[in-house]
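2 protein chains.
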Amino acid sequence: MMRNPLLVPDLRELIQAGEMTALREFMAEYHPARIAEVVEDLGSGEGDAIFDLLEPRTRAEVMSYLEGETQVRLVEAMPSASAADLMHLMSHDERADLVNRLDDERVDEILRRLAHAEREDIRRLASYEPGTAGSVMTTDYATLRPDATVREALDHLRQEAPDRETIYYSYVVDKDRRLLGLISLKNLLLARPRARIDEIMTRDLVLARVDEDQESVAAKIEQYDLIAIPVVDAADMLVGIVTHDDAMDILRRAQTTDMLQFGGVSADREADDAPYWQGSPMGAVRRRIKWLLMLFLAENFTYPVFQWFKWMEGDHYYPALGFFTALILGPGGNAGSQSVGTIIRGLALDEIHARDLFRVLLREVTTGLLLGLSLGSVALFYTAFWRWMPWDIASVVGLTILGICVWANLIGSLVPLLARRAGIDPAGISAPFISTLVDATGLVVFYSLAYLILIRLHL
Amino acid sequence: MMRNPLLVPDLRELIQAGEMTALREFMAEYHPARIAEVVEDLGSGEGDAIFDLLEPRTRAEVMSYLEGETQVRLVEAMPSASAADLMHLMSHDERADLVNRLDDERVDEILRRLAHAEREDIRRLASYEPGTAGSVMTTDYATLRPDATVREALDHLRQEAPDRETIYYSYVVDKDRRLLGLISLKNLLLARPRARIDEIMTRDLVLARVDEDQESVAAKIEQYDLIAIPVVDAADMLVGIVTHDDAMDILRRAQTTDMLQFGGVSADREADDAPYWQGSPMGAVRRRIKWLLMLFLAENFTYPVFQWFKWMEGDHYYPALGFFTALILGPGGNAGSQSVGTIIRGLALDEIHARDLFRVLLREVTTGLLLGLSLGSVALFYTAFWRWMPWDIASVVGLTILGICVWANLIGSLVPLLARRAGIDPAGISAPFISTLVDATGLVVFYSLAYLILIRLHL
């Protein structure tokens with residue numbers, strides 16, 4: 219998909235005409251994210267040519283908006299010295315991620331050209347366990363001393379700004395880099411120029427531990443509306459910050475992982491979180507087979523139900539019931555999916571709380587009753603007038619659908635609410651799990667009603 | 219759930235002992251978000267008491283972290299004059315939302331006490347259509363004139379800062395408030411004090427229209443890593459900004475709405491986006507019934523399949539096949555859910571593109587084949603050795619599960635990819651839709667195999 223259909227053909231023309239000055243002027247006006255889109259859209263030949271034209275600092279900014287594959291392609295095509303210059307200017311978290319994507323040999327060649335401290339910073343950031351605060355944090359933040367004055371602090375920030383990811387929060391640290399407090403640039407601008415930093419800094423910090431799960435860190439940024447959160451190690455020393463834009467990426471990933479869990483792909487959050495193309499189909503099979511097998515075996519517990527009603531085999535209604543079995547399981551599973559989806563969402567948005575258990579159940583069961591009445595009536599008349607079944611079979615079908623809708627809504631709301639009460643993340647409950655539960659129990663309802671209506675009342 | 223189990227009992231004690239000074243000192247140290255949690259946890263009596271103790275400006279900040287219900291309760295309990303003071307200090311988008319939650323009469327009483335311009339601002343912000351940029355934007359941003367110098371701009375921001383939601387971006391407007399450019403506080407600090415704003419401002423702006431969908435606005439903030447995005451009206455006049463923290467809330471809502479769509483709750487995104495408790499169960503029924511009915515009717519198209527194989531009724535295998543019908547539909551629907559969930563996620567994260575159609579199909583079909591081989595073998599041996607069915611029935615069950623897994627993965631990946639190609643949002647495709655499709659077609663596979671193996675080859 220081309221995101222800049224008007225821009226790209228113009229640029230192509232300029233590249234083919236070799237109008238490099240015009241191109242440079244063109245690019246100087248654009249947001250780095252837009253330049254990155256253009257580089258992606260133009261592809262390897264022309265995209266690389268555009269990238270080469272950029273100012274070194276712009277180039278470093280554009281890198282952070284490019285896809286991983288493109289970053290690797292561009293860096294592979296560069297001399298090591300240029301790659302080292304680029305890395306020097308890139309944001310610290312982005313270059314650590316890039317290092318993890320490149321060949322070890324190539325990395326050694328590039329890092330050799332950087333200063334010792336910078337090399338160490340890259341190696342350290344690249345070494346944190348994926349999924350932790352350490353793996354997503356950056357080290358290009360601004361620090362202040364507690365005994366500096368506001369005027370000194372502002373001068374210091376002015377010097378540091380070009381190399382810092384954000385200067386809107388400054389972190390106050392002692393000489394051992396222990397985190398003492400934080401001050402926003404807004405408050406620095408408002409303070410008396412002679413005030414000391416430790417008089418005006420905020421001491422009640424929301425912070426993250428370096429080994430903390432990245433989703434928990436992103437949730438804090440969201441909850442407290444932060445631009446960035448400081449990350450400390452076990453000795454309370456400041457080791458990095460995670461910024462709001464990274465938090466947004468983490469939350470997007472996490473919520474799409476919720477979708478996989480909801481779709482019943484696996485019960486292993488870490489495995490589900492992997493990118494689509496990572497690993498072989500065999501890996502996907504290993505993850506997915508667990509749920510499928512479990513659900514298959516669960517479904518088998520309905521066998522006794524069939525056996526119990528085996529005497530119906532001889533009955534002349536039996537073949538018709540065989541068809542309606544498939545017909546009836548559909549709405550139950552679907553109603554269960556709807557209900558569990560609604561409740562998980564309500565819990566995620568804090569619209570529903572575990573204490574609302576009975577209010578929620580009442581509402582969902584009422585909804586199930588109304589759904590069952592509507593759908594059951596449709597099924598009743600459909601069976602009687604379209605498929606020309608006798609009324610007794612039609613009523614078994616209609617009543618089963620009524621019962622199964624109520625039951626599906628009860629199960630679909632009860633299970634996530636009980637999970638939340640028990641401290642289990644309700645996002646781990648899958649729609650297939652609920653459908654299977656409803657299917658299995660729905661069969662009992664169906665055959666019991668069939669027994670009652672067809673055998674007890676009529677025969 | 220109490221989020222501050224250590225803090226709350228201490229505070230209760232201080233309130234009961236009437237230690238107001240100690241309480242005030244206590245609260246002064248905490249982040250407004252944490253105070254809001256404490257107010258919620260303490261509930262109506264003690265929570266209100268704590269809220270009353272706060273400094274006016276802190277009170278306004280705490281408001282933005284409170285739930286809607288609590289905000290209304292606190293404001294209802296206040297004299298109109300205090301409510302007006304509070305609104306004066308609240309962030310502009312928050313107070314417009316509050317006005318939409320209060321009684322009209324109460325709103326009139328409060329607004330009467332505010333200055334004309336402020337009243338107009340609140341009325342205007344409260345009047346935008348829900349779901350648009352206008353409904354989530356705020357008007358407390360900082361503007362600069364293009365002919366101001368950097369020194370003048372910084373002085374101006376210093377004065378404005380206390381009343382602005384953010385001063386990290388300043389918007390440059392002409393005398394008709396038409397948006398000319400933007401400058402970050404970082405660049406202001408770095409610029410020569412005598413430089414003119416229009417020499418150093420950014421002109422390539424990423425902006426939002428006032429009637430633009432809020433999800434599209436949030437997506438721009440995410441894509442370009444912005445702290446805020448300017449919102450303009452049809453005449454290109456700046457009318458507000460949407461900030462990164464609001465974008466996060468919008469994305470969270472949008473992604474949980476995706477979950478409802480995936481769960482097959484309705485096909486109406488706007489209806490699905492409503493809060494859980496909004497509307498009656500009847501409304502929920504109206505939304506949910508559409509899908510259930512459609513899927514029910516779709517499932518009915520399998521009737522001809524049954525009729526086609528009606529001759530099997532007389533066959534002695536038939537009753538056993540009735541049971542296995544239910545058993546076989548489960549894995550097909552579940553594998554379909556897994557596959558469609560995986561693909562929708564890959565598309566949402568930009569890991570899969572529409573152009574990858576064949577690569578994705580190949581991968582999913584391979585996965586389906588491997589899943590089918592594993593699950594089919596389990597089913598074969600289960601049917602033969604646990605349920606003691608003859609080998610021919612066992613092979614029908616095993617082969618059907620193999621076929622249905624491949625088919626489910628094909629459908630589950632093909633449908634979202636084709637939807638994306640056709641320009642339809644794949645997040646609207648529901649797991650129940652895919653399951654029903656797989657169920658219906660799965661029956662054909664099952665009965666065809668049964669016919670082939672049981673009747674053609676053996677009888």
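From first to last, the protein sequence lines are chains A and B. Add 218 to the 1-based position in the first sequence for my numbering, that's all there is to it. Add 218 to the 1-based position in the second sequence for my numbering, that's all there is to it. By construction, the Cβ of each residue, glycine as well, lies at the ideal position given by its N, Cα and C atoms.
Residue-chain proximity (residue i, chain A), Cβ-Cβ < 8 Å
| i | result |
| --- | --- |
| ILE445 of chain B | yes |
| GLN289 of chain B | no |
| ASN552 of chain B | yes |
| VAL483 of chain B | yes |
| MET219 of chain B | Note on MET219 of chain B: pLDDT 40, under 50, position unreliable in the model; the coordinate value appears next. Answer yes: the Cβ-Cβ gap between MET219 of chain B and chain A drops below 8 Å somewhere. |
| GLY263 of chain B | no |
| SER653 of chain B | yes |
CB contact check: residue i to chain B, cutoff 8 Å
| i | result |
| --- | --- |
| TRP625 of chain A | no |
| MET308 of chain A | no |
| THR357 of chain A | no |
| TRP684 of chain A | This structure gives no information on residue 684 of chain A, because the portion of chain A shown stretches from 219 to 677. |
| THR560 of chain A | yes |
| TYR346 of chain A | no |
| GLN556 of chain A | yes |
| ALA649 of chain A | yes |
Per DSSP, the bridge partner or partners of residue i
| i | result |
| --- | --- |
| GLY399 of chain B | B:VAL390 |
| PRO448 of chain B | B:ILE459 |
| ASP431 of chain A | A:THR350 |
| ALA426 of chain A | A:VAL449 |
| THR420 of chain A | A:LEU400 |
| THR384 of chain A | A:TYR359 |
| ARG414 of chain B | B:THR367 |
Whole-number beta carbon distance between residue j and residue i, since they are thought to touch under 8 Å
| i | j | result |
| --- | --- | --- |
| THR654 of chain B | GLY548 of chain A | 6 Å |
| ALA626 of chain A | GLY564 of chain A | Not quite, the Cβ-Cβ distance comes to about 17 Å (not below 8 Å), so this is no contact. |
| TYR359 of chain B | ILE447 of chain B | Not really, about 11 Å apart at Cβ, beyond 8 Å. |
| SER592 of chain B | VAL503 of chain A | 7 Å |
| LEU567 of chain B | VAL614 of chain B | Their Cβ separation, rounded to whole angstroms, is 40 Å, which puts LEU567 of chain B and VAL614 of chain B out of contact at 8 Å. |
| PRO634 of chain A | PRO650 of chain A | That belief does not hold up - the Cβ atoms of PRO634 of chain A and PRO650 of chain A are roughly 14 Å apart, past 8 Å. |
| ASP394 of chain B | MET455 of chain B | 7 Å |
| LEU588 of chain B | MET500 of chain A | 7 Å |
| GLY265 of chain A | GLU258 of chain A | 7 Å |
| GLU440 of chain B | GLY349 of chain B | Wrong, their Cβ atoms sit about 18 Å apart, outside the cutoff. |
Three-state class that DSSP yields for residue i in the structure shown
| i | result |
| --- | --- |
| LEU362 of chain B | strand |
| THR367 of chain B | strand |
| ARG319 of chain B | helix |
| ILE642 of chain A | coil |
| ARG330 of chain B | coil |
| HIS571 of chain A | coil |
| ARG504 of chain A | helix |
| ILE647 of chain B | coil |
| TYR600 of chain B | helix |
| SER345 of chain B | coil |
| ARG605 of chain A | coil |
| SER613 of chain B | helix |
| ASP443 of chain B | coil |
Residue i: contacting residues in chain B (beta-carbon distance under 7 Å)
| i | result |
| --- | --- |
| GLN441 of chain A | ALA251 |
| HIS374 of chain A | Correct list: empty, because the minimum Cβ distance to chain B is about 11 Å. |
| ILE385 of chain A | LYS404 |
Listed by chain order, chain A residues near residue i by CB distance under 9 Å
| i | result |
| --- | --- |
| ARG369 of chain B | Neighbours of ARG369 of chain B on chain A: none; closest Cβ ~13 Å, over 9 Å. |
| ALA379 of chain B | LYS404, ASN405, LEU407 and LEU408 |
| ALA637 of chain B | Correct list: empty, because the minimum Cβ distance to chain A is about 14 Å. |
| ASN318 of chain B | Here the premise fails: no neighbours, minimum Cβ distance about 17 Å. |
Contact set between residue i and chain B, taken where Cβ atoms lie within less than 8 Å
| i | result |
| --- | --- |
| PRO364 of chain A | Near PRO364 of chain A there are no residues of chain B at all, since even the closest Cβ is about 17 Å away, more than 8 Å. |
Per-residue contacts from residue i into chain B (C-beta, under 9 Å)
| i | result |
| --- | --- |
| THR585 of chain A | PRO499, MET500, ALA502, VAL503 and ARG506 |
| ALA597 of chain A | PHE514 |
Listed by chain order, chain A residues near residue i by CB distance under 7 Å
| i | result |
| --- | --- |
| PRO493 of chain B | GLU569 |
| LEU690 of chain B | The structure shown does not extend to residue 690 of chain B, since chain B is modelled only from 219 to 677, so the question has no answer here. |
Chain A residues whose Cβ lies nearer than 8 Å to that of residue i
| i | result |
| --- | --- |
| ARG563 of chain B | THR474, THR475, MET477, LEU478 and TYR494 |
Contact test: residue i Cβ vs the ligand SAM heavy atom, cutoff 7 Å
| i | result |
| --- | --- |
| LEU444 of chain B | In terms of ligand content, the structure shown is empty, and the ligand SAM therefore cannot be addressed. |
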